[in-house]
């Protein structure tokens with residue numbers, strides 16, 4: 006059964022790679038079309054119904070692009086749709102959520118010191134929050150309140166702040182940030198699936214039937230596309246944050262997440278303004294830098310990372326690793342080779358927080374991370390980096406035999 010851990014790790018790698026590939030495709034096409042839309046030029050010689058045009062050069066060729074605000078007079082023979090980039094990004098991201106946070110709920114999703122619930126309950130809360138978030142967002146956008154875009158954006162920001170705080174009251178800090186990103190990404194992808202694409206299909210159907218499309222469908226799609234434009238960069242930050250415990254593992258993590266959404270606005274405002282040839286608002290970079298400095302300060306005040314405490318509960322699976330015959334030697338090895346970095350207060354020069362928030366000081370902490378120890382220090386030489394602590398081949402074999410003997414005949418969760 007210990008080979009299951011290796012296969013599972015490769016599966017996570019494959020899904021993560023797919024997620025990154027499709028996210029690049031989605032974000033790239035989205036940012037391109039936003040820049041294109043903002044940079045369109047108008048002149049009297051445009052065809053009837055055309056809103057603007059753009060000449061571009063790339064890869065040794067010239068491109069002449071025209072945009073119709075509602076639709077052209079007739080249906081073009083070849084029409085390219087941009088949708089699967091969004092769908093596969095969400096599906097692969099949800100796959101990662103299942104593989105890492107649902108399958109590993111005891112370690113990554115549930116913090117008994119925050120909310121002591123069972124795995125099924127924690128997963129149900131997670132799924133419900135994603136669905137509930139889209140429903141509420143969609144209802145607000147479709148209500149009269151959503152007719153004022155500025156008012157709507159401000160309200161949505163404060164909703165995201167409340168959600169950021171709420172997730173930190175439910176899950177581990179790492180899972181809270183990941184869920185805030187998933188919450189936002191679900192809204193973005195659902196905008197494409199439930200609003201933007203159906204509206205475009207209505208327009209295409211009208212063209213085929215010889216009817217004049219209603220401009221309202223384009224206006225609604227444009228509003229949701231604008232929301233996606235400003236939410237993209239914060240989602241990227243939140244998805245990357247699981248590698249940086251100073252972001253997710255501090256007392257003011259929900260405030261940090263809230264400020265990240267503001268940085269997304271300032272950065273995109275700069276690019277949107279310059280692409281529209283409406284100025285060069287360099288002040289946005291100063292604002293972004295100041296927000297980032299504030300985030301850095303919040304991450305160290307106070308200088309105590311939240312997380313699992315010494316008396317945290319130990320699950321039955323973790324107990325099997327602690328009671329294994331080789332555990333005393335394993336504990337000595339981990340404490341001697343790993344804990345100088347993976348400690349609440351790391352002793353290795355230049356490291357101010359445990360990498361990825363992983364602390365290996367107590368029996369429970371070592372058992373909780375048995376799979377990671379097995380894969381990264383036993384079956385591979387990924388840890389310690391460059392073998393700086395000189396872990397021997399014999400010690401690596403000890404870690405492997407400890408893990409494999411403990412899981413023998415038992416399915417790894």
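Residue numbers (our numbering): 6 to 418. Virtual Cβ for every residue (Gly too), placed ideally from N, Cα, C.
Residues near residue i by beta carbon distance below 8 angstroms, same chain, minus five either side
i, result
"residue 401", "382, 383, 386"
"residue 103", "none"
"residue 154", "228, 231"
"residue 324", "372"
"residue 338", "396, 400, 403, 404"
"residue 17", "101, 104, 105"
"residue 235", "158, 269, 270, 273"
Residue i versus residue j: straight-line alpha-carbon distance, rounded
i, j, result
"residue 187", "residue 302", "26 angstroms"
"residue 408", "residue 113", "19 angstroms"
"residue 215", "residue 133", "42 angstroms"
"residue 374", "residue 363", "8 angstroms"
"residue 106", "residue 92", "21 angstroms"
"residue 496", "residue 359", "The requested residue 496 does not occur in the structure, where the chain is confined to residues 6 to 418."
"residue 420", "residue 135", "Given that the chain is displayed from residue 6 to residue 418, the structure contains no residue 420 and the question cannot be resolved."
"residue 330", "residue 243", "40 angstroms"
"residue 96", "residue 333", "42 angstroms"
"residue 151", "residue 297", "30 angstroms"
"residue 309", "residue 257", "Because the pLDDT at residue 309 is just 47, under 50, the model does not fix this residue reliably, and the value given afterwards should be weighed accordingly. Going from the Cα of residue 309 to the Cα of residue 257 covers about 11 angstroms."
"residue 314", "residue 129", "Bear in mind that the predicted position of residue 314 carries a pLDDT of just 45, short of 50, making it unreliable; the figure below should be weighed with that in mind. C-alpha separation (whole angstroms): 25 angstroms."
"residue 50", "residue 59", "13 angstroms"
"residue 289", "residue 272", "6 angstroms"
"residue 202", "residue 53", "25 angstroms"
"residue 399", "residue 406", "11 angstroms"
"residue 25", "residue 98", "9 angstroms"
"residue 247", "residue 182", "8 angstroms"
"residue 147", "residue 160", "14 angstroms"
"residue 62", "residue 376", "51 angstroms"
"residue 190", "residue 131", "14 angstroms"
"residue 65", "residue 144", "46 angstroms"
"residue 174", "residue 249", "20 angstroms"
"residue 237", "residue 245", "13 angstroms"
"residue 226", "residue 68", "25 angstroms"
"residue 124", "residue 117", "11 angstroms"
"residue 126", "residue 172", "14 angstroms"
Selected residue, minimal CA-CA separation from residue i, among the options
i, options, result
"residue 351", "337, 338, 366", "366"
"residue 260", "99, 371, 166, 67", "166"
"residue 10", "108, 83, 128", "108"
"residue 142", "158, 129, 127", "158"
"residue 163", "265, 42, 82", "265"
"residue 282", "255, 40, 192, 25", "40"
"residue 184", "82, 241, 54", "241"
"residue 72", "55, 410, 171", "55"
"residue 255", "224, 328, 225, 170", "170"
"residue 295", "267, 321, 19, 225", "267"
"residue 180", "336, 149, 119", "119"
"residue 78", "361, 218, 392, 321", "218"
Delimiting residues of the beta strand (DSSP E) encompassing residue i
i, result
"residue 60", "55 to 63"
"residue 70", "66 to 73"
Cβ distance (whole Å) where residue i is taken to contact residue j below 8 angstroms
i, j, result
"residue 269", "residue 278", "Their Cβ separation, rounded to whole angstroms, is 15 angstroms, which puts residue 269 and residue 278 out of contact at 8 angstroms."
"residue 280", "residue 33", "Actually they do not touch by this definition, with Cβ atoms about 15 angstroms apart."
"residue 379", "residue 404", "6 angstroms"
"residue 252", "residue 304", "7 angstroms"
"residue 80", "residue 209", "7 angstroms"
"residue 389", "residue 396", "6 angstroms"
"residue 346", "residue 357", "No, residue 346 and residue 357 are not in contact; Cβ-Cβ is about 11 angstroms, not under 8 angstroms."
"residue 31", "residue 82", "Incorrect: roughly 26 angstroms between the Cβ atoms, too far for contact."
"residue 394", "residue 342", "4 angstroms"
Sequence-distant residues of the same chain with beta carbon closer than 7 angstroms to residue i, five excluded per side
i, result
"residue 28", "94"
"residue 21", "101"
"residue 233", "35, 193, 196"
"residue 286", "274, 275, 278"
Same chain, Cβ closer than 6 angstroms to residue i, neighbours up to 5 away in sequence not counted
i, result
"residue 319", "369"
"residue 138", "188"
"residue 47", "57"
"residue 212", "76, 80"
"residue 200", "229"
"residue 222", "204, 207, 208"
"residue 87", "34"
"residue 327", "368, 372"
Distance cut-off 7 angstroms: residue i Cβ against heavy atoms of the ligand GDP
i, result
"residue 381", "This structure lacks the ligand GDP; in fact it carries no ligand of any kind."
Continuous alpha helix (DSSP H) stretch holding residue i: start and end
i, result
"residue 146", "124 to 147"
"residue 266", "258 to 280"
"residue 194", "178 to 195"
"residue 345", "Counting along the chain, residue 345 falls outside any alpha helix (DSSP H), and DSSP gives it neither H nor E."
"residue 398", "398 to 412"
"residue 97", "89 to 101"
"residue 230", "221 to 245"
"residue 116", "Here residue 116 belongs to no alpha helix (DSSP H), and DSSP marks it neither H nor E."
"residue 198", "Run containing residue 198: none; DSSP gives neither H nor E here."
"residue 369", "368 to 373"
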